[in-house]
Amino acid sequence: MQSMIAVLWAFLGVRKQSGLQEDVASLSFVHIIIAGVLGALIFMGILLLIVKAVVSH
């Protein structure tokens with residue numbers, strides 16, 4: 000869960016340097032990669048649903 004929160008902050012682009020250092024020290028690189036890929040897939044899915052809803056009307 001902590002990895003997903005770190006990735007969501009990264010997507011937004013608003014993260015303090017101290018928060019970044021805490022994440023680097025406590026999170027596994029593999030977990031961050033998995034959370035990033037999962038977050039990107041969810042984001043793309045939401046965008047596709049929005050486009051599909053707008054185009055169908």
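Counting in numbering that gives the first Met the number 0, the sequence shown runs from 0 upward without gaps.
Just so it is clear, CB atoms sit at the ideal spot from N, CA and C, and this is done for glycine as well.
Straight-line gap, residue i to residue j (C-alpha atoms, nearest Å)
i: His65; j: Ser2; result: Only positions 0 to 56 of the chain appear in the structure, and residue 65 is not among them; the question remains open.
i: Gly38; j: Leu47; result: 14 angstroms
i: Leu19; j: Trp8; result: 10 angstroms
i: Ser27; j: Ser55; result: 42 angstroms
i: Ile41; j: Gly35; result: 10 angstroms
i: Val11; j: Gly44; result: A small fix is needed here, since residue 11 is Leu in this sequence, not Val. Straight-line Cα distance between these residues: approximately 17 angstroms.
i: Ser17; j: Val50; result: 37 angstroms
Classification of residue i by the beta-carbon crowding that lies within 10 angstroms, buried from 16 upward
i: Ala52; result: exposed
i: Val13; result: exposed
i: Ala5; result: buried
i: Ala24; result: exposed
Closest residue to residue i among the options (Cα-Cα distance)
i: Met0; options: Ser17, Lys15, Leu11, Ile33; result: Ile33
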